[in-house]
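Numbering (the working numbering), first residue to last: 89 to 333.
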């Protein structure tokens, strides 16, 4: 493994919340260097989670979002009926209630559950990378890096949610399969491309920059490893979907 040398007397200047949010997008290496030196998560989590929750609440509570959800549920019920499963009136009523309440439930779940997921991700990455590199990066550093990488998710949410509202479609507009609509819907390649999302690729590359800063390594090999794991998961998802189609 190649370790990057960093001058011992070079201490990054502290950055404010807005500077860190903007910097993660436009100058991630310098920004993550400052974050690793002074790890903090509260401000960025507050902004990104509230923004994402607000966009989710707006989409799922809007008339267009409600229609899209109802259409999705109706399609699922139709497929279940084709497989011989009985759809009772009570089940249909329950689904209608879920559609009406899903916006609030999803928004609250994002605010409550997302921090725990990000913390767990930091724990896993710290355990693996500390072992792989023989380093001693702290949990605070890893949590701060992972939390700030969620800025990418918030930015994509601001872009994708209005498109989903306009199209009345709950499918992410940044999935690769959206670019190739001519592919058979239930084919293996369509399922594979449907599991690959461009925003996740961007997020992985951005996160890899932050991890490379903390561990003083090159970004390329880290990003390549993370993208390979993501690609493997997408292949497994496509295989499972193809098996049940």
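Beta carbons are placed, not taken as given, at the ideal position from N, Cα and C, and that holds for glycine.
Same chain, Cβ closer than 7 Å to residue i, neighbours up to 5 away in sequence not counted
| i | result |
| --- | --- |
| residue 214 | 225, 227, 230 |
| residue 183 | 161 |
| residue 300 | 306, 307, 310 |
| residue 158 | 187 |
| residue 141 | 195, 198, 199 |
| residue 113 | 239, 243 |
| residue 109 | 132, 135, 239 |
Alpha carbon of residue i to alpha carbon of residue j, nearest angstrom
| i | j | result |
| --- | --- | --- |
| residue 256 | residue 101 | 45 Å |
| residue 235 | residue 127 | 10 Å |
| residue 237 | residue 118 | 14 Å |
| residue 328 | residue 269 | 21 Å |
| residue 120 | residue 207 | 17 Å |
| residue 198 | residue 149 | 15 Å |
| residue 156 | residue 232 | 36 Å |
| residue 131 | residue 287 | 23 Å |
| residue 124 | residue 262 | 30 Å |
| residue 205 | residue 273 | 31 Å |
| residue 330 | residue 209 | 29 Å |
| residue 201 | residue 129 | 15 Å |
| residue 164 | residue 324 | 22 Å |
| residue 107 | residue 219 | 32 Å |
| residue 318 | residue 185 | 35 Å |
| residue 275 | residue 322 | 14 Å |
Exposed unless 16 or more other CB atoms sit within 10 angstroms - verdict on residue i
| i | result |
| --- | --- |
| residue 166 | exposed |
| residue 177 | exposed |
| residue 212 | exposed |
| residue 297 | buried |
| residue 111 | buried |
| residue 326 | buried |
| residue 189 | exposed |
| residue 94 | Residue confidence is low: residue 94 scores 46 on pLDDT, short of 50, so the model does not pin down where it sits. No coordinate-derived value is stated. |
| residue 96 | Since pLDDT at residue 96 reaches only 45, below the 50 mark, its modelled position is unreliable, and no value is offered. |
Beta-bridge partners of residue i, as assigned by DSSP
| i | result |
| --- | --- |
| residue 166 | Residue 166 pairs with nothing; no bridge assigned. |
| residue 263 | 285 |
Nonlocal neighbours in the same chain, by C-beta distance under 8 Å from residue i, ignoring five residues either side
| i | result |
| --- | --- |
| residue 271 | 265, 277, 278, 281 |
| residue 147 | 153, 191, 249, 252, 253 |
| residue 116 | 294, 297, 298 |
| residue 290 | 240, 244 |
Whether residue i touches residue j by CB criterion (7 Å)
| i | j | result |
| --- | --- | --- |
| residue 145 | residue 195 | yes |
| residue 136 | residue 259 | no |
| residue 284 | residue 315 | no |
| residue 242 | residue 139 | yes |
| residue 245 | residue 103 | no |
Chain-order list of residues whose beta-carbon lies under 6 Å from that of residue i (same chain, five-residue window excluded)
| i | result |
| --- | --- |
| residue 221 | 303 |
| residue 267 | none |
| residue 122 | 100, 103 |
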